[in-house]
Amino acid sequence: MTSSETTTPANVIAATGVRVLQLNLGRSATATREVRQLISEKRLDVLLLQEPYVQKRAKGYVFVGLGTGMRMANGK
């Protein structure tokens, strides 16, 4: 592979075996709920989400539909 070939997304995934997807959910409740199915179907290792739908709760905010089995980092 040449240096230009190694930087394309398909080649990076093929070389590392890591499946990564980036999505902007536009604060949509429906899109945020459907993320779990997408993770399963695409067998993703890393999912980068921007603007997910959240609900305010007593102890902060909750990502609706993502469940509890995922690790999340807040980029604030």
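Following our numbering, the residues of the sequence shown are numbered contiguously, the last one being 1050. Beta carbons: idealized from backbone N, C-alpha and C, even for Gly. Owing to the predicted nature of the structure, the values given are computational and were not obtained by experimental measurement.
Along the beta strand (DSSP E) that carries residue i, what are the first and last residues, could you check?
i	result
Lys1016	Looking at the DSSP string, Lys1016 is not in any beta strand (DSSP E); the run it does join, the alpha helix (DSSP H), is 1009-1016.
Arg1001	No beta strand (DSSP E) holds Arg1001; DSSP gives it neither H nor E.
Tyr1035	1034-1037
Val1020	1020-1024
In or out: residue i buried (at least 16 other Cβ within 10 Å) or exposed?
i	result
Val1009	buried
Leu1022	exposed
Tyr1035	exposed
Thr1004	exposed
Leu1012	exposed
Thr990	exposed
Arg1001	exposed
With H, G and I counted as helix, E and B as strand and the rest as coil, what does DSSP make of residue i?
i	result
Lys1030	strand
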